[in-house]
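One structure is given below, encoded as structure tokens.
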Amino acid sequence: MSLAGARPEALPAAGGPRLRREAEARLPTRFGEFRVVAYRDAVDGRAHLALVAGEVRGRGRVFAHIHRSCLLGEAFGSLGCGCGALLEGAMQRAQREGRGVIAYVARGGGAPASGAGCPKDGEGACAVGAAIFEDLGLRSVRLLPVGEVLGS
Ligand SMILES: [Zn+2]
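Going by our numbering, the sequence shown opens with residue 3, and the numbers climb by one from there.
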């Protein structure tokens, strides 16, 4: 399964990483309440998360964002990359729309993101995101350009 080249509203075809759910919990945040679902990739062992706002199962054109984890940007608020602001923008938009999913994808190999900027797409983030959206039962998703997520 790959989101590359897919129409923004299209849910990609089956395939890709083999994710299994490991845990699920309520996650109150300063933006509102999310449900967090923890996944493990049975192939490479990486742990990924889904942040879910509202009811999304069976829904179409759900706001969705695929976010690659970035310690410097998110934990320390580095301005060298836009990761922290991008994640917050996506969380705010999901709450404002009343539903949405953020696929929070772990980077592979333990390589930290450089403060100067993040790899545009690595570790098959889009395939992981697609597998998460499928597991959550979304009929289709709306992936927005970074500028629109930040502008929300
Ligand atoms: Zn970053």
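By construction, the Cβ of each residue, glycine as well, lies at the ideal position given by its N, Cα and C atoms. Quick caveat, the model's predicted, so the values are computed rather than measured.
Got a sec? Which residues, its chain only, sit under 8 angstroms from residue i by beta carbon, not counting five neighbours each side?
| i | result |
| --- | --- |
| valine 148 | Gly84 and Leu88 |
| alanine 66 | Gly102, Val103, Ile104, Ala105, Gly131, Phe135, Leu140, Val143, Arg144 and Leu145 |
Nearest-angstrom Cα distance between residue i and residue j?
| i | j | result |
| --- | --- | --- |
| glutamate 136 | serine 142 | 9 angstroms |
| leucine 29 | glutamate 57 | 15 angstroms |
| valine 38 | alanine 27 | 5 angstroms |
Starting from the C-beta of residue i, find all residues in its chain whose C-beta is less than 6 angstroms away, skip the five residues before and the five after it, and write them out in chain order.
| i | result |
| --- | --- |
| alanine 55 | Phe36, Ala96, Gln97, Arg101 and Gly102 |
On the CB-based measure, 16 or more other CB atoms within 10 Å of its CB, does residue i come out buried or exposed?
| i | result |
| --- | --- |
| proline 19 | buried |
| alanine 25 | exposed |
| alanine 2 | Nothing about residue 2 can be reported from this structure: the residues present for the chain run from 3 to 154 only. |
| valine 45 | exposed |
| glutamate 76 | buried |
Taking the alpha carbon of residue i as the reference point, which residue from the options has its own alpha carbon closest?
| i | options | result |
| --- | --- | --- |
| arginine 59 | Tyr106, Gly139 and Phe78 | Gly139 |
| alanine 129 | Gly91, Arg32, Arg63 and His69 | His69 |
| arginine 48 | Leu152, Gly153, Val151 and Ala127 | Ala127 |
Just checking my contact of residue i with residue j at CB under 8 angstroms: how many whole Å lie between their CB atoms?
| i | j | result |
| --- | --- | --- |
| alanine 40 | leucine 53 | 11 angstroms between Cβ atoms; not a contact. |
| serine 71 | arginine 22 | Going by Cβ atoms, the distance from serine 71 to arginine 22 rounds to 19 angstroms, so no, they are not a contact pair. |
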